[in-house]
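Below: one structure, written as structure tokens.
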Amino acid sequence: MGASRTPPDTALVPSLPKTTYYIPNFISPSEESQLLSQIASAPKPKWTILTHRRLQTWPSALSKSNILLAEPLPSWLELPIIPRMQELGIWDNSPHKQPNHVLVNEYKPGEGIMAHEDGPAYHPMVATVSLGAPIVLEVFEKSEEGLGEAKFGILQEPRSLLVTTDDMYTAHLHGIAQQTADENLGPETVANWDLLGEKDLFADGRYDRQIRTSLTYRDVLKVAKFNLGNSLFKR
Ligand SMILES: O=C(O)CCC(=O)C(=O)O
Numbered sequence: 012m013g014a015s016r017t018p019p020d021t022a023l024v025p026s027l028p029k030t031t032y033y034i035p036n037f038i039s040p041s042e043e044s045q046l047l048s049q050i051a052s053a054p055k056p057k058w059t060i061l062t063h064r065r066l067q068t069w070p071s072a073l074s075k076s077n078i079l080l081a082e083p084l085p086s087w088l089e090l091p092i093i094p095r096m097q098e099l100g101i102w103d104n105s106p107h108k109q110p111n112h113v114l115v116n117e118y119k120p121g122e123g124i125m126a127h128e129d130g131p132a133y134h135p136m137v138a139t140v141s142l143g144a145p146i147v148l149e150v151f152e153k154s155e156e157g158l159g160e161a162k163f164g165i166l167q168e169p170r171s172l173l174v175t176t177d178d179m180y181t182a183h184l185h186g187i188a189q190q191t192a193d194e195n196l197g198p199e200t201v202a203n204w205d206l207l208g209e210k211d212l213f214a215d216g217r218y219d220r221q222i223r224t225s226l227t228y229r230d231v232l233k234v235a236k237f238n239l240g241n242s243l244f245k246r
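Heads up: the sequence shown begins at 12 in the working numbering, then just goes up one per residue.
Put into structure tokens, the structure is as follows:
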């Protein structure tokens with residue numbers, strides 16, 4: 012077996028806990044438009060409307076005991092993103108060597124997601140492709156004293172890839188503030204400032220939010236080949 016591969020050190024966000032990688036322009040503008048039109052053309056019931064965002068779950072939601080029914084991802088979520096991620100080696104250590112589950116989250120200005128952790132249903136890594144507009148992901152340290160101030164902000168540009176794993180996955184919470192603009196942006200507050208693709212866009216330290224969509228790729232640990240319950244029910 013060869014040594015396991017990792018993304019280039021130039022993608023490592025140095026001020027964050029291990030391990031966080033940020034890659035701007037991971038996909039092209041035309042790939043971004045194709046993804047957004049696929050998301051927009053999904054049947055209406057595919058959307059789960061939540062209080063502060065809406066969500067598509069591919070290929071399906073996990074069972075109560077965190078089991079995924081084996082089913083391929085749709086090809087538009089698979090190609091070209093998954094092979095491109097695999098080239099970076101990020102899935103080399105995951106049980107299925109590739110993601111088998113994708114959440115599509117859409118946030119309008121003023122929307123967000125409360126601080127949370129992704130938990131034990133998944134191999135401890137999330138790879139997020141951002142579409143449409145920038146947004147700041149806030150990172151909080153897990154603490155028994157409750158949620159404090161965000162410890163870091165990660166600015167996710169459209170078309171970028173963010174990979175969080177190891178301690179960053181297991182010992183931290185993440186969330187997106189419900190606000191219509193992200194402010195106070197600069198090298199002191201944005202952990203990946205030096206890795207941004209278009210830093211100039213944020214030179215005045217703020218931007219107004221626009222609709223931003225994320226694709227979060229994960230490897231669900233428990234996968235069931237047959238949905239026995241369902242097939243018995245159908246009979
Ligand atoms: O939209 C994002 O970048 C974060 C999504 C998220 O936290 C999640 O799907 O658990």
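For every residue, glycine included, the Cβ atom is placed at its ideal position computed from N, Cα and C.
Computed from a predicted structure; not experimentally measured.
- Positions of the beta strand (DSSP E) runs, each at least 3 residues long and wholly inside the region 70-113, are given as 78-80 in order along the chain.
- Contact between SER141 and SER44 is ruled out by a C-beta separation of about 14 Å, above the 8 Å threshold.
- Taking the C-beta atoms as reference points, VAL201 is found nearer than 7 Å to LEU166.
- Linking PRO120 to GLY186 through their CA atoms gives a straight-line distance of about 15 Å.
- Not one heavy atom of ligand 1 sits closer than 6 Å to the Cβ of ASN111.
- Under the DSSP assignment, ILE50 falls in the alpha helix (DSSP H) whose first and last residues are 40-51.
- Taking the C-beta atoms as reference points, ALA138 is found no nearer than 7 Å to MET179.
- Nearest in C-alpha terms to ALA126, of all of LEU206, PHE151 and SER105, is PHE151.
- The distance from the Cβ of ILE92 to that of ILE38 is about 7 Å, consistent with a contact at the 8 Å cut-off.
- Ranked by Cα distance from PRO25, the options ALA161, LEU61, VAL113 and THR175 are led by THR175.
- With a threshold of 6 Å, the Cβ atom of SER39 does not count as near ligand 1, since no heavy atom of the ligand is closer than that.
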